[in-house]
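Below you'll find the structure, written out as C-alpha cells, and then a few comments.
Residue numbers (the numbering used here), protein chains in the order written: chain B, 318 to 426; chain X, 226 to 341.
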C-alpha cells in the first residue's frame, strides 16, 4: 500500500542548513511535494519535483530525489527562525496526495 | 491568486448536533475539492474527494453518512459533520484543484472543530 515516512523532529541552529528526509513506497507517483505548516494554519506548498527529476533548487530550498531508494529530501540553506514549522512530504498523482507524518523543525537562535 | 478560504475557522458544538464547514475557492473555479482531517501532531488524512456536480468519493473507513460532502458549485464545497461526538474533534482542512491533472492543490487555512 501507499506509505510515506518522515523523521518526527529536527533541531538546528540558526544559519545552519537543515535536511529533512522522507521515504515513500508508491513508485507510480507522478509528483513529490514538500509542504510547510505553521501552528494552527493550513498547508503552504514549498516546492515540488516531478518523479523523472533528480534535483530541483529554488532559492534556499534544494530537493533531492533518489528514485531507486524512493527517498526524497529537502535541504533548507541558511535556516532562519521563521523556518520553524512542520514540514510534510507528500507523494501524489493527479488525483490524490498521500502525506507523511510531518517533521517538526525547530530553529534555535 | 489561488486562494482557498474556510469558514468557520473554529467551531465548538455540543455532542449530538451537526456542524457545517464551508470551503470556497475565491479566485478560481475548483473542479475538484478534497477534505482532509488532521489530529494533533499527526499527518493529514484524506477523507473524501468531491467533483462539482457529482457525489463525493470517500476513502476507506470514512463514514459517508456521518461526513456529508456537497460540491454544488465550482467555488463551494461543504462538509457537514452529523451527530457530532467528541471523537470527531479535529482540524479539518480542505483543498482545491483548478483543472484536472493539475499537480498542485491549494489548501485552505483549516477549521478546528471541538465537540463537547
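Here a beta-carbon is modelled for each residue, glycine too, at the ideal position from N, C-alpha and C.
From a predicted model like this one, the values you see are computed outputs, not experimental measurements.
Query raised in the report: Cβ atoms of residue 394(B) and residue 377(B): under 8 Å apart, would you say?
Result: By 1-based counting over the first chain, the position of residue 377(B) is 60. By 1-based counting over the first chain, the position of residue 394(B) is 77. Against a cut-off of 8 Å, the Cβ pair of residue 394(B) and residue 377(B) comes out as a contact.
Measure the Cβ-Cβ separation of residue 335(B) and residue 387(B) and say whether it is below 8 Å. Counting from one through the first chain, the residue named residue 335(B) turns up at place 18. Counting from one through the first chain, the residue named residue 387(B) turns up at place 70. No, they are not a contact pair.
Using a C-beta cutoff of 8 Å, does residue 247(X) count as contacting chain B?
The sequence position of residue 247(X) within the second chain is 22, counting from 1. No, because no Cβ of chain B sits closer than 8 Å to the Cβ of residue 247(X).
Item checked: Closer than 8 Å to chain B by CB, residue 342(X) -> Since the first residue shown for chain X is 226 and the last is 341, residue 342(X) is missing from the structure and cannot be characterised.
*Is DSSP giving residue 333(X) helix, strand or coil here?*
For this step, residue 333(X) is matched to residue 108 along the second chain. Note: residue 333(X) maps to coil in three-state DSSP.
- prompt: Would you report the Cα separation of residue 258(X) and residue 359(B), rounded to the nearest angstrom?
  reply: Position 33 of the second chain holds residue 258(X). Position 42 of the first chain holds residue 359(B). Using only the alpha carbons, I get a separation of about 15 Å.
Beta strand (DSSP E) segment containing residue 409(B), residue limits: For this step, residue 409(B) is matched to residue 92 along the first chain. Segment 402 to 409, the beta strand (DSSP E) holding residue 409(B).
Review point. Per DSSP, what kind of secondary structure is residue 313(X) in: helix, strand or coil?
Key: Numbered from 1 along the second chain, position 88 holds the residue referred to as residue 313(X). Here residue 313(X) sits in helix by DSSP.
_In this structure, how does DSSP classify residue 324(X) when only helix, strand and coil are distinguished?_
Walking along the second chain from the start, residue 324(X) turns up at place 99. Residue 324(X) falls in the coil class under three-state DSSP.
task = Measure the alpha-carbon distance for residue 323(B) versus residue 416(B) and round it to whole angstroms.
result = Walking along the first chain from the start, residue 323(B) turns up at place 6. Walking along the first chain from the start, residue 416(B) turns up at place 99. Approximately 10 Å, taken between the alpha carbons.
Q | Three-state secondary structure (DSSP) of residue 257(X) | A | Looking up residue 257(X) in the second chain gives position 32. Reduced to three states, the DSSP call for residue 257(X) is strand.
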